[in-house]
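Numbering (our numbering), first residue to last: 254 to 552. We treat Cβ as the ideally placed atom computed from N, Cα and C, and that holds for glycine.
Here it is as structure tokens:
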């Protein structure tokens, strides 16, 4: 039985990861464990919650070694220690199929202060933390796909870390409560997740693709592509970034930029919410262009 302390609401976030779908075949160790908890923490961060514990269920392939199981457990411990929460319990089974693992994270938020995805307003600015697209290229690297132009070792390390160990933005939860009208974490893809906000809020939006924040290695990769428009669409639809997209009144634009900078978190204003239901992409010349609806589809 769990009863939150007075003045707090409980938040539950759950994610299931399947071998060969959400992580590469045979990756049963600490990297997968870290990623599982980190993506759950990202969900919690978008709702401005603080983690307290989690439940874990694992279907282990029959051929998995004790060494890999120990590595998985070590990855769990590392994230628990880094973000100060604990494992409450769960279940384990053996399977002849792929590994399947589910974590249900339990968090708390001040009563009535959770930021939802359905309360954006027409005219609100659209913001995103961090950088977009690093995890897209990290997945290519981890799964052995060619990346051209050939990146250096520093770029490969950054991309791999972005994919395997996303950084949940728990540090910004107080600022989200202060300024955000709606928020969501970027899991399905930047455009798809902005679409989740605008659909829930019964709005449309315009996105300035030139303002989407990219790391230096990803910007270099983009500059080396023959079709830059196709390449930027790939980056904003691939998913797995686990940054936070939020909407806020333009009246707070300067305050948001200043306070996030003081917190050491980069944020970029990349668009605006509008009446209607269209998602309009604008190129560097502010000309609209069409992109096929994309992003991770769960079914």
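Counting only the Cα atoms, residue 362 lies some 7 Å from residue 301. No Cβ-Cβ contact shorter than 9 Å links residue 425 with residue 370. According to DSSP, residue pairing for residue 525 in a beta bridge involves 378 and 459. One alpha carbon belongs to residue 321, the other to residue 544, and they sit about 41 Å apart. With contacts defined by Cβ atoms closer than 9 Å, residue 518 and residue 385 do not form a contacting pair. Around residue 325, the same chain offers 281, 282, 283, 285 and 286 as residues with beta carbons nearer than 7 Å, after the five sequence neighbours per side are excluded. Boundaries cannot be given for residue 254, as no alpha helix (DSSP H) includes it and DSSP labels it neither H nor E. For residue 432 and residue 505, the gap between their C-alpha atoms comes out near 7 Å. For the pair of segments examined, the segment 511–526 was found to touch the segment 448–468: the number of CB pairs separated by less than 8 Å reaches three.
With a minimum length of 4 residues, the unbroken runs of alpha helix (DSSP H) contained wholly in the segment 366–451 fall at 387–395, 406–417 and 426–432.
Taking every protein chain shown into account, the CB of residue 422 has 16 or more other CB atoms within 10 angstroms, so this residue is buried. Note: residue 542 is bridge-paired with 534 in the DSSP secondary-structure output. Contact annotation, residue 450 with residue 535: C-beta distance approximately 18 Å; criterion of less than 8 Å not satisfied.
Beta-bridge partners of residue 345 (DSSP): 311. Here the alpha carbons of residue 331 and residue 420 stand approximately 13 Å from one another. Distance between residue 473 and residue 397, taken at the CA atoms: about 20 Å. Collapsing the DSSP output to three states places residue 272 in a strand. Within its own chain, the residues whose Cβ lies closer than 6 Å to the Cβ of residue 393, once the five positions on either side in sequence are excluded, are 400, listed in chain order. For the pair residue 537 and residue 482, the Cα-to-Cα distance works out to about 10 Å. Burial state of residue 293 is buried, judged by a 10 Å Cβ sphere holding 16 or more other Cβ atoms. Under DSSP, residue 319 takes part in no beta bridge, so it has no partner. Taking the Cα positions, residue 454 is about 29 Å away from residue 275. Secondary-structure assignment with DSSP links residue 498 through a beta bridge to 381 and 437. In the displayed model, residue 486 falls within a helix according to three-state DSSP. The segment 372–383 makes no contact with the segment 337–350: fewer than 3 CB pairs, one atom from each, lie closer than 8 Å. Cβ neighbours of residue 446 within its own chain (closer than 6 Å, five residues either side excluded): 437, 439 and 498.
In terms of Cα proximity to residue 364, the closest of 261, 479 and 533 is 261.
In the three-state reduction of the DSSP assignment, residue 301 falls in the coil class, being assigned neither a helical nor a strand state.
Residue 338 is classed as buried because its beta carbon has at least 16 other beta carbons within 10 Å across all chains shown. Around the beta carbon of residue 531, fewer than 16 other beta carbons lie within 10 angstroms, which makes this residue exposed.
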